[in-house]
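Below is one structure; the comments refer to it alone.
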Amino acid sequence: MAEGTIQLLPLAIVVALFAVLILSGLRNRKRHATEYGFRGNYAGRIGIGAGIASNWMSSASFLGLAGIFYLKGYFAMAYVVGWTGGYVLLLVLIATQIRRFGKFTAPDFVGFRYESEGARTIVAVISIVITVIYCVAQFRGIALLVSWLFNIGYIPAVALGTSLFVSFVVVSGLMGTARNQKMQYFVLITTFILPLMVLTRKLGYFWILPQFGYGEAIGELQQQFGVNWSEPFADTSLFQWFALCFSMMFGTAGMPHVLSRFYMTPGIRDARWGVVWGLFFIALIYWSAPAYGVLARLIEARHALPFNAGGIDAADLIVLSVASLGGLPTWLVGLLAAGGMSAAFSATAGLLMTGSASFSYDIYPRLIRPNATESDKIFAAKGFFLLLAAIVMVLTFRPWGMIVEIAAFAFALAGNTIFPAFLLGIWWPRTNATGVICGMLTGLAISFSSLLCGSSLPFISTLFPSTSSALVGAPLVMLVMVAASSLSSPPSEAVRLFLTRQVHDCPEE
Amino acid sequence: MKGEVRVIKLVLSGWLIAIVGFQFFSYLLEVNYSELLLSDLTFFNLPIQFWLSGQLLPLWFIVLCALFNFWMDRHGVQSQEGSLRFRLKPDSEEDD
Numbered sequence: 001m002a003e004g005t006i007q008l009l010p011l012a013i014v015v016a017l018f019a020v021l022i023l024s025g026l027r028n029r030k031r032h033a034t035e036y037g038f039r040g041n042y043a044g045r046i047g048i049g050a051g052i053a054s055n056w057m058s059s060a061s062f063l064g065l066a067g068i069f070y071l072k073g074y075f076a077m078a079y080v081v082g083w084t085g086g087y088v089l090l091l092v093l094i095a096t097q098i099r100r101f102g103k104f105t106a107p108d109f110v111g112f113r114y115e116s117e118g119a120r121t122i123v124a125v126i127s128i129v130i131t132v133i134y135c136v137a138q139f140r141g142i143a144l145l146v147s148w149l150f151n152i153g154y155i156p157a158v159a160l161g162t163s164l165f166v167s168f169v170v171v172s173g174l175m176g177t178a179r180n181q182k183m184q185y186f187v188l189i190t191t192f193i194l195p196l197m198v199l200t201r202k203l204g205y206f207w208i209l210p211q212f213g214y215g216e217a218i219g220e221l222q223q224q225f226g227v228n229w230s231e232p233f234a235d236t237s238l239f240q241w242f243a244l245c246f247s248m249m250f251g252t253a254g255m256p257h258v259l260s261r262f263y264m265t266p267g268i269r270d271a272r273w274g275v276v277w278g279l280f281f282i283a284l285i286y287w288s289a290p291a292y293g294v295l296a297r298l299i300e301a302r303h304a305l306p307f308n309a310g311g312i313d314a315a316d317l318i319v320l321s322v323a324s325l326g327g328l329p330t331w332l333v334g335l336l337a338a339g340g341m342s343a344a345f346s347a348t349a350g351l352l353m354t355g356s357a358s359f360s361y362d363i364y365p366r367l368i369r370p371n372a373t374e375s376d377k378i379f380a381a382k383g384f385f386l387l388l389a390a391i392v393m394v395l396t397f398r399p400w401g402m403i404v405e406i407a408a409f410a411f412a413l414a415g416n417t418i419f420p421a422f423l424l425g426i427w428w429p430r431t432n433a434t435g436v437i438c439g440m441l442t443g444l445a446i447s448f449s450s451l452l453c454g455s456s457l458p459f460i461s462t463l464f465p466s467t468s469s470a471l472v473g474a475p476l477v478m479l480v481m482v483a484a485s486s487l488s489s490p491p492s493e494a495v496r497l498f499l500t501r502q503v504h505d506c507p508e509e
Numbered sequence: 510m511k512g513e514v515r516v517i518k519l520v521l522s523g524w525l526i527a528i529v530g531f532q533f534f535s536y537l538l539e540v541n542y543s544e545l546l547l548s549d550l551t552f553f554n555l556p557i558q559f560w561l562s563g564q565l566l567p568l569w570f571i572v573l574c575a576l577f578n579f580w581m582d583r584h585g586v587q588s589q590e591g592s593l594r595f596r597l598k599p600d601s602e603e604d605d
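Chains as they are written, first to last, in this note's numbering: chain C, 1 to 509; chain E, 510 to 605.
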């Protein structure tokens, strides 16, 4: 491909994929009521699982994970274990129980459980902050893809990517399309695994299951080129690995857009089994992501190219680079780009809608305009959506790390704030509004401590690294919640009775 | 409630032991032997630490979630049957 030219075929594939998704969304709108497990059958549970997986998959999973494997080898496994193991925590400790509260958003849950408008507002603000940080990771992914597709610099690519994203949301909204999440997941898994199979075959490894085939590449990389990519704790400590892994787990169980999946599913059994299917679908991608990282290192070594010559931008786009360097046909590289773009667009749309709903439903009518009508709230949600997109765009101009590192910061924040609020709110009836407010403010301080004072106080960076602060942070926040709750008056009798009778001792729906 | 808490404790124990255990196993192998031994120990083509953390752990999490759901399904049915019997008892007494 000549320098300065647009990647026409990949661009055409991206456009075609989005057209297919919009058309399928229009078709899906008409039969939406029979989808996603309303009848509680086997296909419904798989559909819920596909919904969970497609809601989860973002540019962090699609592009960023392979990039961090390429750079850091085994250390990146902490993301895989963290982002899958978090679903166990979510299922057994939170998902089953929050259904019994009958609330539809994280601020709703906190407002009801802790009987506090203050706590509700803090959760709404934290949800918005998490949304913004996580969206910066997505916008970075979109910008890198746009930069590659149109052959333009990063800054113009951020602006163009934002315009394309907002146009996509507006067009989808005007046409009233519903997300066909089963199809979305099918697209993601196909566009991720098909190029990997072809690449593994081209390199002469076991291509039918490239999730195992890449093992030979690790051996070749070590024996032929002396690169020990698979050594577990060569550059990092056991503590750093566990800190990152558990922060991702606590964050998974505290992410507002992940939790919202469980309020929306009609039946609790279908929701629970949907988690199992969702975890399986997510694992299919995560079993494959390390392969892109090691194959990239191997192809670079075979071509005598310097390691990570392009810095973190190149690492974040390693999925596309390895496909191009490996000699895959352009249409397959375009398919990968289309999958990455689709993952980023869909995750960003879902996140920004959650963020704008937090504003229009939990902040605007309570703090800004108490007598707001429904149409005022809808108008506020649309305006805030655009404002959030603009804020995210500005922050994406100067991102503070790789895609997965930015996403990890959002997860650590969720793990330090929303996760303890939900966990103790469900399992310790004595937790009260004072406790949760003190805890969440402590969690906020811990999450940002490394960025704000890590350079002057090095132990802060060691204990609470920005991507991995929740291993120490979340237990500390829970201690603060327990201490503050114990020193103030208990929650009302009605809440304690509700927890005992309705949440912990009621048969399932 | 007590049964549910017991199952949750069992699931979380299996979850924690597997995560921490596999990492300590890899760490001890690396520290006590050598990186060469680690790369020689392969399973399904993969170095053992990659297979344990990258392949087996996600699969283990799926199994744990499935076991929890099987127990909850059974427990939920029993609870519902119990509450039905409780509600139906006065009617059946009247019938007698």
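We treat Cβ as the ideally placed atom computed from N, Cα and C, and that holds for glycine.
Review point. Which same chain residues, not among the five before or five after E:Leu-561, have their C-beta less than 6 Å away from its C-beta?
Key: Result list for E:Leu-561: Phe-531, in chain order.
Provide the residue(s) that pair with E:Thr-551 in DSSP beta bridges, ordered along the chain.
According to DSSP, which records beta bridges pairwise, E:Thr-551 is partnered with E:Pro-556.
### Task
Just the C-alpha distance for C:Trp-273 and C:Ile-218, rounded to the nearest angstrom, thanks.
Straight through space, the alpha carbons of C:Ile-218 and C:Trp-273 are spaced by roughly 36 Å.
Review point. So which residues on chain C does E:Trp-524 lean against when the C-beta distance must stay under 7 Å?
Key: For the C-beta of E:Trp-524, the chain C residues within less than 7 Å are, from N- to C-terminus, Gly-85 and Val-88.
(message) Counting only Cβ pairs nearer than 8 Å, list the residues of chain C close to E:Tyr-542.
(response) In chain order: nothing, as chain C lies at least about 12 Å away.
Legend entry - For C:Arg-297 and C:Trp-241, believed in contact at Cβ under 8 Å, the rounded distance: Contact doesn't hold; Cβ gap of about 20 Å is too wide.
*In chain order, what residues of the same chain lie with their CB nearer than 8 Å to the CB of C:Ser-61, ignoring the 5 residues before and after it?*
So the list reads Trp-83, Ile-282, Ile-285, Tyr-286, Ala-289 and Ala-343, once near-sequence residues are dropped.
Practice task
Compare the C-beta of E:Leu-566 with all C-beta atoms of chain C and state if any pair is closer than 8 Å.
Solution key: Chain C has a Cβ within less than 8 Å of the Cβ of E:Leu-566.
Check: For the segment 567-584 of chain E, which residues have a beta carbon sitting closer than 8 Å to at least one beta carbon of chain C?
Finding: Result list: Pro-567, Leu-568, Phe-570, Ile-571, Leu-573, Cys-574, Ala-575, Phe-577, Asn-578, Met-581 and Asp-582.
Comparing alpha-carbon positions, which option in C:Ile-52, C:Ser-488 and C:Leu-71 lies nearest C:Leu-295?
Here the closest residue by C-alpha is C:Leu-71.
| query | For the alpha helix (DSSP H) that contains C:Phe-523, what are its first and last residues? | reply | Given that chain C is displayed from residue 1 to residue 509, the structure contains no residue 523 of chain C and the question cannot be resolved.
Quiz item: By the criterion of Cβ-Cβ separation under 9 Å, what are the contact partners of C:Ala-269 in chain E?
Solution: It is Arg, not Ala, that sits at residue 269 of chain C in the sequence shown. Neighbours of C:Arg-269 on chain E, chain order: Asn-578, Met-581, Asp-582 and Gly-585.
Test: C:Val-472 CB closer than 8 Å to a CB of chain B | Here chain B cannot be found, since the structure's protein chains are C and E.
Exercise for the section: Determine the DSSP secondary structure at C:Arg-430, reduced to helix, strand or coil. Expected result: C:Arg-430 falls in the coil class under three-state DSSP.
| Among C:Leu-305, C:Gln-138 and C:Pro-420, which residue has its Cα nearest to the Cα of C:Glu-514? | Look at the range of chain C in this structure, 1 to 509, and you will see that residue 514 of chain C is not part of it.
The alpha helix (DSSP H) with C:Gln-97 in it runs from where to where?
Segment 96-99, the alpha helix (DSSP H) holding C:Gln-97.
- Just the chain E side, please: which residues come within less than 7 Å of C:His-504 by C-beta, in chain order? What C:His-504 touches in chain E: Met-510.
>> Mapping the DSSP letters down to three states, classify C:Gly-327 as helix, strand or coil.
In response: Three-state DSSP puts C:Gly-327 in coil, outside helix and strand.
Short Cβ contact (8 Å threshold) for C:Leu-305 with C:Ala-323:
Between C:Leu-305 and C:Ala-323, the gap from beta carbon to beta carbon reaches 8 Å or more.
Presumed contact (8 Å Cβ cut-off) between C:Ser-116 and C:Ala-433, rounded CB distance
That pair is a contact at about 4 Å.
message: Taking 7 Å as the limit between beta carbons, can you name the residues of its chain near C:Arg-120, skipping five residues before and five after?
response: The residues are Pro-107, Val-110, Gly-111 and Asp-362.
*asked:* Can you check whether the C-beta of C:Gly-40 is within less than 8 Å of a C-beta belonging to chain E?
replied: Any answer about C:Gly-40 is weak, because its pLDDT of 39 lies below 50 and its placement is not dependable; what the coordinates show is given next. At a cut-off of 8 Å between C-beta atoms, C:Gly-40 does not count as an interface residue with respect to chain E.
CB contact below 8 Å: E:Gly-530 versus chain C:
Not one chain C Cβ lies under 8 Å of E:Gly-530.
If you draw a straight line from the alpha carbon of C:Ala-314 to that of C:Gly-141, how long is it in whole angstroms? Approximately 11 Å between the Cα atoms of the pair.
State yes or no: is the C-beta of C:Gly-595 within less than 8 Å of the C-beta of C:Ser-172?
-> Here chain C has residues from 1 to 509 only, and residue 595 of chain C is not among them.
Nearest by alpha-carbon distance to C:Leu-188: which of C:Ala-414, C:Ser-455, C:Val-14 and C:Leu-451 is it? The alpha carbon of C:Leu-188 has as its nearest neighbour, out of C:Ala-414, C:Ser-455, C:Val-14 and C:Leu-451, the alpha carbon of C:Val-14.
Review point. In chain E, which residues lie with their C-beta within 7 Å of the C-beta of C:Phe-280?
Key: At a beta-carbon threshold of 7 Å, the residues of chain E lying near C:Phe-280 are Ile-571, ordered along the chain.
Practice item. Starting from C:Glu-216, find everything on chain E with Cβ-Cβ shorter than 7 Å and list it in chain order. Key: Residues of chain E whose Cβ lies closer than 7 Å to the Cβ of C:Glu-216 are, in chain order, Asn-554.
### Cutoff 8 Å: C:Trp-428 Cβ touching any chain E Cβ
With 8 Å as the cut-off, C:Trp-428 does not count as an interface residue toward chain E.
_By alpha-carbon positions, which one of C:Ile-48, C:Tyr-79 and C:Val-92 ends up nearest to E:Asp-578?_
It should be noted that the sequence gives Asn, not Asp, for residue 578 of chain E. Among C:Ile-48, C:Tyr-79 and C:Val-92, the Cα nearest to that of E:Asn-578 belongs to C:Val-92.
Check: Are the Cβ atoms of C:Val-275 and E:Cys-574 separated by less than 8 Å?
Finding: The answer is yes: Cβ separation under 8 Å.
Whose C-beta lies closer than 6 Å to the C-beta of C:Ala-514 among residues of the same chain, with five residues either side of it excluded?
Only positions 1 to 509 of chain C appear in this structure, which leaves residue 514 of chain C out of reach.
*Start and end of the alpha helix (DSSP H) containing C:Arg-297?*
First-last of the alpha helix (DSSP H) with C:Arg-297: 268-302.
Would C:Ser-469 and C:Ser-455 qualify as a contact pair, given that the criterion is a beta-carbon distance under 8 Å? At a Cβ-Cβ threshold of 8 Å, C:Ser-469 and C:Ser-455 do not count as neighbours.
Please check the pair C:Ile-418 and C:Gly-254, which I expect to be a contact at CB under 8 Å, by giving their CB distance rounded to whole angstroms. Approximately 4 Å separates the beta-carbon atoms of C:Ile-418 and C:Gly-254; this is inside 8 Å, confirming the contact.
Open item on the list: Under DSSP, the alpha helix (DSSP H) around C:Ser-469 begins and ends at which residues?
Closed with: Run containing C:Ser-469: none; DSSP gives neither H nor E here.
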